[in-house]
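Everything in the sequence shown is counted per the working numbering, starting at 42 for the first residue and increasing by one.
Below is one structure; the comments refer to it alone.
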Amino acid sequence: MAINFDNALGVHQYSLGVRAQRAEVISSNIANANTPHYKARDVDFASAMQAATSQQKGLSMSQTTEKHFDLTSLTQQHVQYRVPNQADTGDGNTVDTQKEQTAFMQNALEYQMSLGFLESKFSGMRKALRGD
């Protein structure tokens with residue numbers, strides 16, 4: 042009997058990839074906090090997850106199986122500009138460093154949580170295969 046990883050791993054395999062891409066976008070915001078006219082961006086997590094789990098066709102990636110998906114193009118479709126919380130400081134930059142650091146830490150915790158869920162799923166599969 043073949044193992045269906047989508048059923049075995051659930052949504053955690055997709056959330057891990059989307060959270061990794063979100064970390065890149067947020068860290069880019071932090072790195073550009075002093076860049077004039079830089080606009081803060083974020084990943085729309087809900088729509089990126091929906092797209093990842095629906096396994097859309099037509100993404101540009103060399104695939105060895107039809108179940109692979111391209112996270113770069115997937116999340117780039119879901120990257121949106123943030124609405125600034127503060128008035129324009131005069132240079133057109135919309136990055137709020139404290140908000141970005143908070144979002145980065147929350148995303149890192151959620152990434153670790155997804156990683157822990159995946160580890161427990163793999164641990165359960167290992168036990169099932171060994172007959173423990």
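All C-beta atoms in this analysis are idealised placements derived from N, C-alpha and C, irrespective of residue type, glycine included.
Query	Result
Local conformation of residue 118 per DSSP, three classes	coil
DSSP state of residue 82 mapped onto helix, strand, coil	strand
Nearest-angstrom Cα separation, counted from residue 173 out to residue 148	35 Å
Coil, strand or helix - residue 165 by DSSP	helix
Cβ-based burial, residue 92 [other Cβ within 10 Å; buried from 16]	buried
Host alpha helix (DSSP H) of residue 70 (start-end)	53 to 72
Coarse secondary structure for residue 157, derived from DSSP in three states	helix
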